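Please read the structure below before turning to the comments.
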Amino acid sequence: MAITGENPELFESRKADHIRLALEERMQATGGSGLHSIELIHEAFPEIDFNEVQIEQRLFSDSPISPLFISSMTAGHAGSVDLNLTMARVCEKRNWAMGVGSQRRQLTDSTADLEWSKIRKACPKVKFFGNIGVAQLIRTKVEDIRRLVDTLDATAMIVHTNPLQECMQPEGTPHFRGGLEALENLAKTLGRPVIVKETGCGFSGATLKRLNGIGVGAVDVSGFGGTHWGRIEGGRSKPGAKLNAVAETFRDWGIGTVESLEAALAVRSDYEVWASGGVRSGLDAAKLLAMGAKMVGLAKPIIEAALGGEEALDLRMGQLELELKIALFCTGSRNIAELQEKRVWRRQ
Ligand SMILES: Cc1cc2nc3c(=O)[nH]c(=O)nc-3n(C[C@H](O)[C@H](O)[C@H](O)COP(=O)(O)O)c2cc1C
738 MAITGENPEL
748 FESRKADHIR
758 LALEERMQAT
768 GGSGLHSIEL
778 IHEAFPEIDF
788 NEVQIEQRLF
798 SDSPISPLFI
808 SSMTAGHAGS
818 VDLNLTMARV
828 CEKRNWAMGV
838 GSQRRQLTDS
848 TADLEWSKIR
858 KACPKVKFFG
868 NIGVAQLIRT
878 KVEDIRRLVD
888 TLDATAMIVH
898 TNPLQECMQP
908 EGTPHFRGGL
918 EALENLAKTL
928 GRPVIVKETG
938 CGFSGATLKR
948 LNGIGVGAVD
958 VSGFGGTHWG
968 RIEGGRSKPG
978 AKLNAVAETF
988 RDWGIGTVES
998 LEAALAVRSD
1008 YEVWASGGVR
1018 SGLDAAKLLA
1028 MGAKMVGLAK
1038 PIIEAALGGE
1048 EALDLRMGQL
1058 ELELKIALFC
1068 TGSRNIAELQ
1078 EKRVWRRQ
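Per the working numbering, the very first residue in the sequence shown carries number 738; after that it's consecutive.
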């Protein structure tokens, strides 16, 4: 069956290209996140024992969960079932939430639902976040989005926005007119929290203000400084092709993760503020949590490890947790609430 008018082979090859290219260092906007300029302040007398440190907290007033989560990546293609199963299994073990990749294919091909029924059966406890792009949301009825939520039994639905990526993609759909209205309608009628995220280009303060008061539950700033979708889509075009050259012009386009996070916190919004984009260690995550993020997401480091199998991913996620716990301990914080109350960060 056609995928929103798209050739299924093109869809498969695009998804494979995305994973392959995302792992290349030149696709990373390393250094642009602003994380290097944030420092946590060492506490030589923490006056706590390491085993008192605990990182879990409540999400949407539900049961405690890790503040680290897997950022939305992949779904609906030949290689995605095994990868998603690997990620879901380790999330279940470590009590992380998992964002799934765009569920666009499920909108026109209900056989794609099988991916999630299989994974849900194997991992009944994982908190999943569904995912759809704003360009698709505008053209989709709320009841169809509800079906995406139901097949996953998702805790929340993520709507991603990616204007730069849609411009750089030969088969892209840069049609965003009516996006905010569609988002507000979804947030007010879905019956589950709606989370808005960028995909690595961040949000400005002005946009973050427009997202306030429309019913969204959280905004994940997903700022510049990690995986860059302008670069990845450009990398899919041949050297010398127009889009390849245009992508080069926009290789540093975006608002850094730290700058976006500060802008979001300044809004004093009715939504929770989450952060992602260029998070490469538990210490990076600790910095964003200390500044005020409620949850911190990682994409590229997770898929890189997941491709090595469940054990490799478990090792990587265990390392991220340990780094986060050490950052809490060495700032004298027993939990995330204390980390935030103590204001243990400064700009270098
Ligand atoms: C292979 C891959 C596929 C992705 N697919 C999606 C997607 O379908 N939906 C989405 O919202 N974000 C998607 N993203 C973006 C990530 O969720 C994240 O916002 C971005 O990669 C920045 O995080 P990072 O620097 O930790 O990679 C994808 C990222 C990667 C690496």
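Glycine included, each C-beta is placed from N, C-alpha and C at the ideal position. Since the structure is predicted, the reported quantities are computational estimates derived from the model, not experimental observations.
Buried versus exposed, by CB contacts within 10 Å (16 or more), residue i
i: F865; result: buried
i: H779; result: exposed
i: G1046; result: exposed
i: S854; result: exposed
i: A978; result: exposed
i: L927; result: buried
i: F1090; result: With the chain represented from 738 up to 1085, any question about residue 1090 goes unanswered, as that position is not in the structure.
i: D1007; result: exposed
i: R947; result: exposed
i: G870; result: buried
i: Q1085; result: exposed
i: F940; result: buried
i: R841; result: buried
i: T848; result: exposed
i: L851; result: exposed
i: S839; result: buried
Contact under 8 Å by Cβ, residue i with residue j
i: T695; j: S817; result: Outside the displayed range of the chain (738 to 1085) lies residue 695, so it cannot be described from this structure.
i: G1015; j: F806; result: no
i: S735; j: S808; result: Any answer about residue 735 is impossible in this case: the structure gives the chain only from 738 up to 1085.
i: T964; j: S770; result: no
i: A984; j: G960; result: no
i: L874; j: A919; result: yes
i: A924; j: I951; result: yes
i: A753; j: K1037; result: no
i: G991; j: N981; result: no
i: T892; j: A834; result: yes
i: L945; j: A1000; result: yes
i: L1020; j: A1064; result: yes
i: T898; j: L844; result: no
Cut-off 7 Å between Cβ atoms - residues of its own chain near residue i, not counting five sequence neighbours on either side
i: A872; result: E903, T910, H912 and F913
i: I1073; result: I792, Q794, P804 and L1026
i: T801; result: The amino acid at residue 801 is misidentified as Thr; the sequence shows Pro. Hits under 7 Å: E793, Q794 and R795.
i: R1083; result: E776 and I778
Contact set for residue i: own chain, Cβ-Cβ below 6 Å, skip 5 residues either direction
i: A1043; result: L820, T823, M824 and L1050
i: T767; result: none
i: F797; result: P930
i: E1009; result: A955 and K1031
i: R1005; result: none
i: S1018; result: E1060
i: G1069; result: E780 and P783
i: C828; result: M835 and V863
i: V1081; result: L777, I778, A1027 and T1068
i: I1040; result: M810
Same chain, Cβ closer than 8 Å to residue i, five either side skipped, listed in chain order
i: R831; result: S803, D1051, M1054, G1055 and E1058
i: D957; result: S808, I895, I932, V933, K934, E935, W1011, A1012, S1013, M1032 and G1034
i: F1066; result: P783, I785, F787 and V790
i: R1071; result: I785, E789, V790, Q791 and L1065
i: D890; result: R857 and F865
i: M764; result: L758, T964, H965, R968, I969 and G972
i: R826; result: A859, C860 and E1047
i: N949; result: V1004, S1006, D1007 and Y1008
For residue j and residue i, believed in contact at Cβ under 8 Å, the rounded distance
i: L777; j: A1003; result: Contact doesn't hold; Cβ gap of about 21 Å is too wide.
i: K1062; j: V790; result: 5 Å
i: G969; j: H755; result: It is worth fixing the name first, because residue 969 is Ile in this sequence and not Gly. Correct: roughly 6 Å between the Cβ atoms.
i: N868; j: G836; result: 6 Å
i: H814; j: E749; result: 5 Å
i: E908; j: L747; result: 6 Å
i: L901; j: C860; result: Not a contact, Cβ separation roughly 33 Å.
Residue i beta carbon near ligand 2 (any heavy atom closer than 7 Å)
i: N949; result: With respect to ligand 2, the structure shown offers nothing to examine, as its ligands consist of ligand 1.
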